[in-house]
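Undergrad:
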Amino acid sequence: MKKIAIIPGDGIGKEVTREVRQLLDVYRRDAGLPIELWDLNLGADRYLSAGLTMPEDVLSTIGKDCQAVFLGALGDPRVPGHEHARDILFGLRFGLDLYANIRPVRALDDRLVPLKGKRAEQIDFVVFRENTEGAYANIGGQLRRGTADEVLWLRVFREVRELYPEIESDHMYVDALCLRMVQAPEEFQVIVTNNLFGDIVTDLAAALQGGLGMAASANVHAANGEAVAMFEPVHGSAPALAGKDVANPFAAFLTTGMMLGHLGWPGEERRIESAVARAIAERQCTPDVGGSLGTRAAGARLREQIQRSFQGTPVPQG
Ligand code: IPM
Ligand code: MG
Numbered sequence: 000m001k002k003i004a005i006i007p008g009d010g011i012g013k014e015v016t017r018e019v020r021q022l023l024d025v026y027r028r029d030a031g032l033p034i035e036l037w038d039l040n041l042g043a044d045r046y047l048s049a050g051l052t053m054p055e056d057v058l059s060t061i062g063k064d065c066q067a068v069f070l071g072a073l074g075d076p077r078v079p080g081h082e083h084a085r086d087i088l089f090g091l092r093f094g095l096d097l098y099a100n101i102r103p104v105r106a107l108d109d110r111l112v113p114l115k116g117k118r119a120e121q122i123d124f125v126v127f128r129e130n131t132e133g134a135y136a137n138i139g140g141q142l143r144r145g146t147a148d149e150v151l152w153l154r155v156f157r158e159v160r161e162l163y164p165e166i167e168s169d170h171m172y173v174d175a176l177c178l179r180m181v182q183a184p185e186e187f188q189v190i191v192t193n194n195l196f197g198d199i200v201t202d203l204a205a206a207l208q209g210g211l212g213m214a215a216s217a218n219v220h221a222a223n224g225e226a227v228a229m230f231e232p233v234h235g236s237a238p239a240l241a242g243k244d245v246a247n248p249f250a251a252f253l254t255t256g257m258m259l260g261h262l263g264w265p266g267e268e269r270r271i272e273s274a275v276a277r278a279i280a281e282r283q284c285t286p287d288v289g290g291s292l293g294t295r296a297a298g299a300r301l302r303e304q305i306q307r308s309f310q311g312t313p314v315p316q317g
């Protein structure tokens with residue numbers, strides 16, 4: 000049994016998480032997937048009503064008992080200092096030492112690619128963003144402290160590339176990277192970068208795949224799949240869109256796919272991604288990606304399609 004903590008968060012985070020929760024229920028009920036869901040009522044509402052952000056005991060229980068956390072999005076205009084968001088998001092990332100933020104960038108339809116003359120198949124790479132250091136951990140000021148190469152990125156890159164001569168690799172400065180990502184995105188398969196640059200280039204990358212409504216992410220500690228990992232769609236809480244049933248739930252579904260893949264069901268990641276690609280192709284989606292459905296309707300259509308596909312390829316148990 001795999002235990003998943005669910006934190007809807009704020010704004011459209013709550014709306015897309017509601018869709019994800021129903022999808023996980025479909026998996027549990029109709030496909031017999033051995034998952035247990037733990038709903039955590041954390042976010043701006045809880046902070047404003049009870050003063051709670053991320054209680055210590057909750058964080059340690061997640062670390063001990065859960066295999067995954069799904070986080071909707073955080074941010075609420077009633078909390079202008081974002082203190083609840085900081086405690087919850089950074090509490091999870093830093094507190095559980097989820098040092099790698101993995102963001103796949105795959106365009107699922109030619110129509111979603113904004114670059115003239117580029118096709119979906121030319122946008123297919125993954126960004127690995129260092130997730131616990133840099134300006135985000137208040138150590139940005141230590142860059143080059145003491146010696147010229149305090150941060151050591153280049154030296155480590157050169158050492159590691161020597162170990163894998165079969166992998167073609169190149170160092171790029173972030174400004175040149177942004178230029179190249181737009182001119183020739185097909186050149187990239189994997190980008191490894193630091194926390195702040197990773198934040199910036201993954202929003203640029205999201206634009207290449209159809210916008211933030213299509214961008215998924217995983218925050219992980221290790222590749223062995225044993226430590227708890229946290230999964231969040233890249234979009235924020237978008238207060239201006241909240242409560243209007245217009246948020247695109249697909250980033251959250253693709254993120255759920257990554258989560259199920261991480262938990263040991265990689266076939267489900269592919270199943271969810273194909274269902275999303277098909278929904279986009281058939282325009283059974285929200286307006287940001289060319290459809291006319293609301294969040295709930297787009298979510299319901301996608302779940303129906305996944306349910307139907309269980310007849311074709313059954314979900315592996317255990
Ligand atoms: C992201 C977000 C966060 C980040 C913000 C909300 C702190 O932009 O996950 O990309 O920069 O890490
Ligand atoms: Mg960001």
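Numbering that gives the first Met the number 0 puts the sequence shown at residues 0 to 317.
For each residue, glycine too, the CB sits at the ideal point set by N, CA and C.
Being a predicted model, the structure only gives us computed values, none of them experimental.
(1) How many angstroms separate the CA atom of Asp169 from the CA atom of Met258?
(2) Counting only C-beta atoms, is Met229 closer than 8 Å to chain C at any point?
(3) Going by the C-beta, is Leu88 closer than 7 Å to any heavy atom of the ligand IPM?
(4) So if DSSP puts Asn218 in a beta bridge, which residue, or which two residues, is it bridged to?
(5) Taking one C-beta from the segment 294-301 and one from the segment 266-285 each time, how about it: are there three or more such pairs within less than 8 Å?
(6) Output yes or no for whether 8 Å exceeds the beta carbon distance between Ile190 and Val233.
(7) If you measure between the beta carbons of Leu36 and Ile3, is that distance less than 8 Å?
(8) Using only the heavy atoms of the ligand IPM, determine whether one of them is closer than 7 Å to the beta carbon of Leu233.
(9) Taking DSSP as the reference, what is the three-state secondary structure of Ala296?
(10) Taking the alpha carbon of Gly90 as the reference point, which residue from Met229, Ala250, Gln188, Thr254 has its own alpha carbon closest?
(11) In the DSSP assignment, find the alpha helix (DSSP H) that holds Thr192 and state where it starts and stops.
(12) Would you call the CB atoms of Glu185 and Arg179 closer than 8 Å?
(13) Measuring alpha carbon to alpha carbon, tell me which residue in Leu73, Tyr98, Pro7 is nearest His220.
(14) Give me the Cα-Cα distance between Ile305 and Gln208, rounded to the nearest whole angstrom.
(15) According to the Cβ coordinates, are Thr294 and Ala250 closer than 8 Å?
(16) Beta-carbon separation of Arg102 and Thr201 under 8 Å?
(17) If you scan the segment 241-270 from start to end, which runs of the alpha helix (DSSP H) of 4 or more residues do you find wholly inside it?
(18) Could you tell me the alpha carbon to alpha carbon distance between Gln141 and Gly133, rounded to whole angstroms?
(19) When you measure from the CB of Asp64 to every non-hydrogen atom of the ligand MG, does any distance come out below 7 Å?
(20) Name, in chain order, the residues that DSSP records as bridge partners for Val125.
(21) I need the straight-line Cα distance from Leu95 to Asp174, nearest angstrom please.
TA: Quick answer:
(1) Against the sequence shown, residue 169 aligns to sequence position 170. Against the sequence shown, residue 258 aligns to sequence position 259. Whole-angstrom Cα-Cα distance: 30 Å.
(2) Absent from the structure: chain C. Only one protein chain is present.
(3) Along the sequence shown, one-based indexing puts residue 88 at 89. Checking the Cβ of Leu88 against the ligand IPM gives yes.
(4) Taking the first residue of the sequence shown as position 1, residue 218 is located at position 219. According to DSSP, Asn218 bridges with Asn100, Met229.
(5) yes
(6) Residue numbering aside, residue 190 sits at position 191 when the sequence shown is read from its first letter. Residue numbering aside, residue 233 sits at position 234 when the sequence shown is read from its first letter. Their beta carbons are not under 8 Å apart, which means Ile190 does not touch Val233 by this criterion.
(7) Stepping through the sequence shown from its first residue, residue 36 is reached at position 37. Stepping through the sequence shown from its first residue, residue 3 is reached at position 4. Yes.
(8) Position 234 of the sequence shown, counted from the first residue, corresponds to residue 233. Rather than Leu, the amino acid found at residue 233 in this sequence is Val. Yes; taking the cut-off as 7 Å, the Cβ of Val233 has a heavy atom of the ligand IPM nearer than that.
(9) Counted from its first residue, the sequence shown places residue 296 at position 297. Three-state result, Ala296: helix.
(10) Here the question's residue 90 lines up with position 91 in the sequence shown. Nearest C-alpha to Gly90: Met229.
(11) Stepping through the sequence shown from its first residue, residue 192 is reached at position 193. It is not in any alpha helix (DSSP H) - Thr192 instead sits in the beta strand (DSSP E) that spans 189-192.
(12) In the sequence shown, residue 185 corresponds to position 186, counting from 1. In the sequence shown, residue 179 corresponds to position 180, counting from 1. Going by C-beta atoms, Glu185 is not nearer than 8 Å to Arg179.
(13) Residue numbering aside, residue 220 sits at position 221 when the sequence shown is read from its first letter. If we check each option's Cα against that of His220, Tyr98 comes out closest.
(14) Within the sequence shown, the letter at position 306 stands for residue 305. Within the sequence shown, the letter at position 209 stands for residue 208. One C-alpha to the other measures close to 22 Å.
(15) On the sequence shown, position 295 is the one that residue 294 refers to. On the sequence shown, position 251 is the one that residue 250 refers to. No. Outside cutoff.
(16) Within the sequence shown, numbered from 1, the residue matching residue 102 stands at position 103. Within the sequence shown, numbered from 1, the residue matching residue 201 stands at position 202. In contact: Arg102 and Thr201 (Cβ atoms closer than 8 Å).
(17) 249-261
(18) Numbered from 1 along the sequence shown, position 142 holds the residue referred to as residue 141. Numbered from 1 along the sequence shown, position 134 holds the residue referred to as residue 133. Its pLDDT being 49, under 50, Gln141 is placed unreliably in this model, and the coordinates cannot settle the point.
(19) For the purposes of this step, residue 64 is taken as the residue at position 65 of the sequence shown. Not so, every heavy atom of the ligand MG lies at least 7 Å from the Cβ.
(20) Within the sequence shown, numbered from 1, the residue matching residue 125 stands at position 126. DSSP output for Val125 lists Pro103, Val189 as bridge partner(s).
(21) Position 96 of the sequence shown, counting from 1, holds the residue named residue 95. Position 175 of the sequence shown, counting from 1, holds the residue named residue 174. Rounded to whole angstroms, Leu95 to Asp174 spans 31 Å at the Cα level.
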